[in-house]
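Here the structure comes first, spelled out in structure tokens, and everything after it is commentary.
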Amino acid sequence: MAARGRKPWTLAGAGVIVTVRLTPKGGRDGIDGIEILADGRPVLKTRVRAAPSEGEANDALRRLIAKAAGVPPRDVVLVAGATARIKRLTIAGDGPTLIAALEKVVASR
């Protein structure tokens, strides 16, 4: 389902909070766009090649989001959903710049 005007990120303090839906063992590392869940929440659809064991998929997700946002992986922190498909991450940095980078990545999908 396509998102119309709803975004899975919000400005927060010194950065951005992003809600993602992660598919581990997804065949490739990538961002597939924005999806609206059945409960109405927008999420950033992501997939990684890594398996969901010993935090490998979460680490791959952090690296993927960091690359998309143009920040080092240390600036991306998983704050909720360590063992779930729906996760929340914070990205440290200038909020408007981070959002612009994420929007550019999503627009290219």
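The sequence shown begins at 15 in the working numbering and counts up one residue at a time.
Glycine residues also receive a C-beta, built at the ideal position from the N, C-alpha and C atoms.
So, helix, strand or coil for residue i, using DSSP?
i: Thr-97; result: coil
i: Arg-129; result: Outside the displayed range of the chain (15 to 123) lies residue 129, so it cannot be described from this structure.
i: Asp-108; result: coil
i: Leu-36; result: strand
i: Arg-88; result: helix
i: Glu-70; result: helix
i: Leu-58; result: strand
By the 10 Å Cβ neighbour count, where 16 or more other Cβ atoms means buried, how is residue i classified, buried or exposed?
i: Pro-86; result: exposed
i: Ala-94; result: exposed
i: Ala-71; result: buried
i: Met-15; result: Caution applies to Met-15, whose pLDDT of 45 falls short of 50 and renders its modelled position unreliable; the value that the coordinates give is listed next. Its Cβ having fewer than 16 others within 10 Å, Met-15 is exposed.
Could you work out which residue in the options is closest to residue i when comparing CA atoms only?
i: Thr-37; options: Ala-26, Lys-118, Ala-65; result: Ala-65
i: Asp-73; options: Lys-59, Asp-53, Val-91, Leu-58; result: Val-91
i: Ala-96; options: Ala-26, Pro-22, Ile-48, Val-34; result: Val-34
Round the Cβ separation of residue i and residue j to the nearest angstrom and send it over; I've been treating them as touching at under 8 Å.
i: Gly-29; j: Gly-107; result: 5 Å
i: Leu-103; j: Val-57; result: So it is not a contact: roughly 11 Å between Cβ atoms.
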